[in-house]
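Q: In full-length UniProt numbering, the protein residues as written are 1 to 169. For every residue, glycine included, the Cβ atom is placed at its ideal position computed from N, Cα and C.
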Amino acid sequence: MNEMIQGLHAVEKYFSEFENVDWFSKVGCEYDRPGIQMVTSWKAAYQWASHELTEWCDLEAKNLIYRFMSSNHYNEFVKWNNVAESILPHVLKVVNHARQLLPADAPADASEWLQCQLLGATLEVYYERFIASSLLRKHLEIYNDGHFPCGWKAVNETSFPENSVIIVY
């Protein structure tokens, strides 16, 4: 139970970093960061956020953690549903705030994508004492920089995550 509390404290600390994010303030502006590919419109960003390749990459990023944890730290892994339930109010608070800053015509997929990324990042934070993974936290760094990380691109299954890029608006 102590490790669960320790992990939850790490997640709460991580979420406190999002209180001052200037959501989407630099969307459409130049952004120089290794490992990204820019899109030039909200329409393209929304298409990437719901693209099947993006969904596959997002799921695979989480599966990397799931596979490792279920094989090597099963007793901790089985706690994830309880952890996810307890952090969901934090996730929804951030998502609801950010949703208000999306354009009025933003599809529901845009905020659902953010929610998936936040849950994935909390998975990384919660289990960081067992596995070093920052694939989804990299997306949240991009939000922190005022942009919208709207997808992932990988040439094929074997190129993820090493040779993948993050799609950004």
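Only counting the same chain, and skipping five residues up and downstream in sequence, which positions put a Cβ closer than 7 Å to that of V165?
A: Closer than 7 Å at Cβ, skipping near neighbours: G35, I36, Q37, K153.
Q: Taking DSSP as the reference, what is the three-state secondary structure of K153?
A: The answer is strand: DSSP assigns K153 an E or B state.
Q: I'd like to know whether the C-beta atoms of V27 and Y169 end up nearer to each other than 7 Å.
A: Against a cut-off of 7 Å, the Cβ pair of Y169 and V27 comes out as a contact.
Q: Please state the DSSP three-state secondary structure of I36.
A: Correct three-state label for I36: strand.
Q: How many angstroms separate the CA atom of E162 from the CA atom of Y46?
A: About 24 Å.
Q: CA-CA distance, D32 and H147?
A: So the two alpha carbons sit approximately 11 Å from each other.
Q: What whole-angstrom Cβ distance do W23 and A98 have, given they're in contact under 8 Å?
A: That belief holds up - the Cβ atoms of W23 and A98 are roughly 5 Å apart, short of 8 Å.
Q: Hey, is the segment 112-120 in contact with the segment 66-73, meaning 3+ C-beta pairs nearer than 8 Å?
A: Flag = no, the segment 112-120 and the segment 66-73 do not touch.
Q: So A121 and L102 are supposed to be a Cβ contact under 8 Å. How far apart are they, rounded?
A: Their Cβ separation, rounded to whole angstroms, is 19 Å, which puts A121 and L102 out of contact at 8 Å.
Q: With I167 as the anchor, note down where its beta strand (DSSP E) starts and where it stops.
A: Residues 165-168.
Q: Are the CB atoms of L119 and V91 nearer to each other than 7 Å?
A: Yes.
Q: Where does I131 sit, in a helix, a strand or coil, going by DSSP?
A: DSSP places I131 in coil when its eight states are reduced to three.
Q: Over what stretch of residues does the alpha helix (DSSP H) that includes A84 continue unbroken?
A: 80-99 is the extent of the alpha helix (DSSP H) around A84.
Q: State the start and end residues of the unbroken alpha helix (DSSP H) segment that holds D145.
A: Careful: D145 lies outside any alpha helix (DSSP H) and carries neither H nor E.
Q: Indicate whether G151 and H73 have their beta-carbon atoms separated by less than 7 Å.
A: Going by C-beta atoms, G151 is not nearer than 7 Å to H73.
Q: Report the CB separation of residue 178 from F130 in whole angstroms; it is logged as a contact under 8 Å.
A: For residue 178 there is no data in the structure shown, the boundaries of the chain being 1 and 169.
Q: Quick check on the DSSP output: the alpha helix (DSSP H) that includes H73 runs from which residue to which?
A: Note, H73: premise wrong, no alpha helix (DSSP H); not H, not E.
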